[in-house]
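Take a look at the structure set out below.
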Amino acid sequence: VSIYRHQEEVLTGAQVEDIESQSTNRLKTLRLLDLLPTRGPRAFPSFLRALEDFSWVRDRLLLELQTPPGPGPGPGPSSTDSWQLPASVLQRVLSDRELSRLASRLGAEWESVLMDLGLSAEALFRCRADHALSAHGTALAGLVQWRRSEGRRATVQRLIQSLQATDIHPSVLQDVLL
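The UniProt record's numbering numbers the first residue of the sequence shown as 1 and each following residue consecutively.
Structural data, given as structure tokens:
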């Protein structure tokens with residue numbers, strides 16, 4: 001999509017290179033969406049035209065554009081409503097196996113989640129150094145360290161709060177817990 005915006009002179013060549021240099025599709029998309037408001041009044045309509053092949057994305061963006069911000073359905077601090085968990089599960093501490101499954105599903109966002117859970121930068125560095133060849137091992141070591149340091153406070157509910165704070169949908173836990 002960013003290449004098409006360059007052809008219509010919405011983005012510069014340097015901006016397209018900046019977008020393409022991002023490591024994940026999510027980061028590329030976020031970078032594109034960061035740049036669009038700075039590119040003038042025709043940038044967003046041009047972007048929507050490029051999304052004709054992805055009509056569901058276009059429709060959702062238009063709906064969010066028309067919906068005023070505030071409490072209501074959608075992502076937010078209490079968006080576990082779409083996936084209700086019993087209180088007994090929310091207060092439970094995750095097992096090693098569950099933490100391992102979660103570590104494999106976090107992807108590149110594992111550092112953000114662990115920082116939100118309260119791990120220090122030094123602890124993250126230690127996890128990275130101890131498991132330099134395995135992203136899964138690094139994330140798992142950090143999650144185990146979080147559980148060890150927090151004890152009974154290392155609950156599913158606290159983990160859901162951190163996932164939401166780092167813009168990861170709590171449904172990531174669905175396969176882990178079920």
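A virtual CB, placed ideally from N, CA and C, is assigned to each residue, including glycine. This structure is a prediction, so every number in the text was calculated from the model and none was measured.
Annotated as distal: ALA108 and HIS136, with beta-carbon spacing of 8 Å or more.
Within the UniProt domain "Death" (95-167), the complete alpha helix (DSSP H) segments of 4 residues or longer fall at 96-106, 110-116, 121-130, 135-150, 156-165, listed in chain order. Look at VAL10 here: in three-state DSSP terms it is coil, with no helix or strand label.
Annotation: the continuous alpha helix (DSSP H) that includes ARG49 extends over 43-50. Each residue's CA atom was taken as its position, placing PRO37 and ASP167 some 21 Å apart.
Two segments are said to touch when three or more pairs of C-beta atoms, one from each, lie closer than 8 Å; by this definition the region 151-170 touches the region 116-133. Contact between the region 84-92 and the region 129-143 is absent: fewer than 3 CB-CB pairs across the two stretches fall below 8 Å.
Contact check for LEU99 and VAL156: beta-carbon distance about 11 Å, past the 8 Å limit, so the pair fails to qualify. Taking 8 Å as the cut-off, the beta carbon of VAL10 is found closer than this to the beta carbon of ALA43.
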